[in-house]
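Structure record follows, encoded as structure tokens.
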Amino acid sequence: MIKEIEFTKMHALGNDYIVINETETEIIPEEYKNKISDEICTRNFSVGADGVIFACKSEKADVRFRIFNSDGSEAEMCGNGIRCLAKYVYDMNIVKKEIMNIETMEDIKEARLTVENDVVESIEIDMGKGFFKPEEIPAIAPSGNVDEFIKEEVNVEGEKIIMSAVSVGNPHAVCFTDINIDDIDLDFYGPRIETHELFPEKINVHFVNIVSPEEINILTWERGAGFTYACGTGTTSCVLLGYKMGLLNEKVLAHLSGGDLNITITDHTEYLTAEMKGKAVTVYYGKMTVEL
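In structure tokens form, the structure reads like this:
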């Protein structure tokens, strides 16, 4: 069956998405969401994107956020994607609030919109807690540490790489390195770390250069998508880990391939939380046909 659907193309720092409105009715049947997401994200042969966002009705919040990677797999959370969703539902008059609650697979996130003349200028997301225990990430620490996955020696095809890991609703592995991230062969290291046996549900991968305790540069390989220009949850994870390791301060400006994000850490002594602030952009509105 051929079906015509409406969509919106958006991006946040070059991390681009196809957004589909399912707040009133299901557009893509559940059994086809993985397949269709994979197909329409394929660049050169379809619209092309890093992922597909479905804006859905929520019984718990103002709107429900679902996101599928470009390989068709569903992700728990996406920082850049959720900023796009917040702008989308505001612009489309679905949720006309400057402070809104968004249901994700993991929990409910608060989004605070900066709006000028009815135009969303930026979005701040309460990213919640960082989870450092290996079982919460999930990950297996080579040292056997069950409390945290920090400065662990990971064997990547015979090369020992020092990595740390955290979950902010989805899993991230971070390598703070003195090697310029422009010189890192991401096509080699990215997929090998993503699918490493230490990470049973695969993992997002980030290489970080520290410019100062308040500024970093990040190179990202996303689980299920490959290289992306930016990753909101990944940036949050890098700063959470940097703060926990004593490398970074509470407020950090992060430079990604697609632009900048501001991350603020709050230390509650027993746990850490983070807030992320950045932009989202609507590129165009369109229609396409899909085969169900």
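One rule links them: number in the numbering used here = place in the sequence shown (from 1) + 854. Note that the Cβ used here is the ideal one computed from N, Cα and C, for glycine as well. Treat the numbers as computed from the prediction; the structure is a model and nothing was measured.
Given this structure, state the Cα-to-Cα distance separating I956 from D1036, to the nearest angstrom. So the alpha carbons of these two residues sit roughly 35 Å apart.
Residues in its own chain within less than 7 Å of E1007 by CB, not counting five upstream and five downstream? Cβ within range, chain order: P996, K1014 and I1016.
8 Å Cβ shell around T1143 - same chain, five flanking residues per side excluded: Cβ neighbours of T1143 within its own chain (closer than 8 Å, five residues either side excluded): I856, K857, E858 and I859.
For D1114 and V974, the rounded distance between their alpha carbons: Straight-line Cα distance between these residues: approximately 17 Å.
Using CA coordinates, which residue listed in S1021, H1060 and P1025 is at the minimum distance from L1040? It is H1060 whose Cα lies nearest to the Cα of L1040.
Going by alpha carbons, who is nearest to A1134 out of C932, A915 and I991? Proximity to A1134 across C932, A915 and I991 peaks at C932, based on C-alpha coordinates.
Taking the C-alpha atoms as reference points, what is the distance between N999 and K987? One alpha carbon belongs to N999, the other to K987, and they sit about 9 Å apart.
Y1139 bridges to which residues according to DSSP? Partner(s): T862.
Would you check if there are 3 or more beta carbon pairs closer than 8 Å linking the region 892 to 906 to the region 937 to 949? Fewer than three Cβ pairs drawn from the region 892 to 906 and the region 937 to 949 lie within less than 8 Å of each other, which leaves the two stretches out of contact.
With distances taken Cα to Cα, identify the nearest neighbour of N869 among K1056, I907, S1066 and K983. Ranked by Cα distance from N869, the first of K1056, I907, S1066 and K983 is I907.
Please list the terminal residues of the continuous alpha helix (DSSP H) segment that includes G1044. DSSP places G1044 inside the alpha helix (DSSP H), whose first and last residues are L1040 to E1048.
Could you give the residue range of the alpha helix (DSSP H) that holds G933? Start and end: G933 to D945.
What is the DSSP secondary structure of K889, counted as helix, strand or coil? Three-state DSSP puts K889 in a helix.
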